[in-house]
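Asker: In terms of the working numbering, the sequence shown is residues 269 to 636.
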Amino acid sequence: MTGGIAHDFNNLLAVISGNLELLDQRAKNNPDLTRFIERGLAAAERGAQLTNRLLAFSRQQPLAAKSVTMDRLIDGMQDLVQRTLGETIRIKTTTAADPWPCLVDVSQMENAILNLAINARDAMPDGGDLTIETDNLDLTDGSAAQRLNLKPGCYVTLSVRDTGTGMEAAVIERAFDPFFTTKDGDKGSGLGLSMVYGFVRQSGGQTRIDSIVGEGTTVTIFLLRNIDGEVDGSQSVETPDTIAGHGEMVLVVEDDGEVREIAVAMLREFGYRVLHVTQGEEAIALMENTPDLNLLLSDVMLPGGISGKALAEAARAIIPDLRVLFMSGYTRDAFGANGRPDPGDDLLEKPFRKSELAEAVRRTLNSG
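Written out as structure tokens, the structure reads:
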């Protein structure tokens with residue numbers, strides 16, 4: 269059910285945000301109109317975040333895992349967390365002396381930490397102390413791991429501890445349920461903790477809540493140590509010049525007419541030559557007569573019996589050096605449990621902003 273909602277809802281959001289961005293490009297000299305467009309884009313972004321939280325809970329969101337250490341991630345978030353929580357919350361961070369790396373999607377981990385911090389703030393309406401702590405935990409002893417309901421191994425832990433109201437046992441039992449909340453209706457959707465839970469489970473980890481009523485709550489995330497990987501400290505900076513098209517030819521395959529129209533219009537604005545069809549058979553026939561095609565931009569779920577993944581395999585048999593960029597709001601049915609395409613391919617999540625499409629297309633073309 270979650271996957272079906274995500275697929276349809278993300279297509280609708282892609283149409284809404286895409287049209288608004290194209291309109292924004294043409295309304296630069298009209299500040300009143302620009303203000304309304306920005307409000308619409310902000311609402312579409314909130315809708316996309318809601319869908320992503322549902323996918324996170326169901327462990328069906330695509331993840332881009334990197335080898336990172338939690339101390340580096342926490343250091344980069346301190347200002348954001350402090351601004352979010354306000355001046356009444358005192359924040360303390362403690363990190364391991366020699367932190368182990370773990371494999372995790374950095375942006376999703378940052379969202380998880382922010383959600384835990386916001387929950388902690390709401391549990392301290394009169395202010396209090398928030399402690400974010402990371403540590404290395406050796407649970408190779410099976411009995412020690414069993415006490416925490418974990419498989420034996422080495423773990424990286426991240427704990428968020430508050431001095432708030434605490435939770436009763438009955439509340440802890442339901443804390444990870446989607447839409448369950450003890451807050452007033454206008455203060456939370458009940459998806460924050462469920463998103464954290466689903467994301468951590470999808471990442472191969474576990475989440476634990478310890479709480480004492482009247483004293484506070486500690487939420488601890490356990491992630492397996494990445495023994496083989498080095499820490500990925502790379503960062504890329506995209507500029508308008510580096511993401512613009514240079515006349516490369518792109519084939520868009522998308523059965524939703526409105527999403528297809530938006531993608532085609534954006535790509536042409538970027539400087540690409542664009543062809544477009546609605547399903548796999550049409551795409552294969554077109555590629556057989558278009559040897560100078562540079563990129564296939566295809567939805568994952570297509571009608572006509574040929575999925576995006578099958579289309580990519582057929583395309584490479586015709587044009588061996590063709591680059592492939594998938595787009596979808598729900599990928600598990602096509603890509604399997606990890607929700608990721610094959611190495612060498614890339615994935616653009618719907619709904620996408622104009623800049624995200626430009627960056628993804630340029631990145632995929634430059635990957636050869």
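Glycine is no exception: its CB is placed at the ideal position from the N, C-alpha and C atoms.
Let me know the secondary structure DSSP gives S566 once reduced to three states.
Answerer: Reduced to three states, the DSSP call for S566 is strand.
Asker: Quick one: using the 10 Å Cβ neighbour count with 16 as the cut-off for buried, is P619 buried or exposed?
Answerer: Label assigned to P619: buried.
Asker: I'd like the span of the beta strand (DSSP E) that includes M541, first residue to last.
Answerer: A small correction: the amino acid at residue 541 is Arg; Met does not occupy that position in the sequence shown. Note, R541: beta strand (DSSP E), R541 to V545.
Asker: With a threshold of 8 Å, are at least 3 pairs of Cβ atoms found where one atom belongs to the stretch 485-493 and the other to the stretch 368-378?
Answerer: The stretch 485-493, when compared against the stretch 368-378, does touch it at the 8 Å Cβ threshold.
Asker: What's the gap between the Cα of V545 and the Cα of L590?
Answerer: V545 and L590: Cα-Cα distance of roughly 17 Å.
Asker: First and last residue of the alpha helix (DSSP H) that includes R536?
Answerer: Start and end: G525 to F538.
Asker: Measuring straight from C-alpha to C-alpha, what distance separates D364 and I440?
Answerer: Inspection of the sequence shows that residue 364 is occupied by Ala rather than by Asp. Each residue's Cα considered, the two are about 28 Å apart.
Asker: Which residue or residues does DSSP assign as beta-bridge partners of V400?
Answerer: The sequence shown places Ile at residue 400, not Val. Answer is T361 and V428.
Asker: Report the partner residues of V487 according to the DSSP bridge assignment.
Answerer: The partner list for V487 (beta bridge, DSSP) reads V428 and I477.
Asker: With distance defined between alpha-carbon atoms, name the residue in N278, N417, A412 and D394 nearest to G354.
Answerer: Per the Cα distances, D394.
Asker: Contact check, L281 vs A310 under 8 Å by CB: the rounded distance?
Answerer: Actually they are not in contact, since the Cβ atoms of L281 and A310 sit about 12 Å apart, beyond 8 Å.
Asker: Under 8 Å: do the stretch 475-490 and the stretch 423-438 share three or more Cβ pairs, one atom per stretch?
Answerer: Flag = yes, the stretch 475-490 and the stretch 423-438 touch.
Asker: So D560 packs on V521, CB below 8 Å; how close in whole Å?
Answerer: 17 Å between Cβ atoms; not a contact.
Asker: Would you kindly check if the distance between the Cβ of M595 and the Cβ of L616 is under 9 Å?
Answerer: Result yes, Cβ atoms of L616 and M595 sit closer than 9 Å.
Asker: Just mark R294 as buried or exposed, buried being the case when its beta carbon has 16 or more other beta carbons within 10 Å.
Answerer: Looking at its Cβ environment, which holds fewer than 16 other Cβ atoms inside 10 Å, R294 is exposed.
Asker: Under 6 Å Cβ to Cβ from L288, same chain only, skipping five residues before and after it: list those, please.
Answerer: I305, G308 and L309, listed in sequence order.
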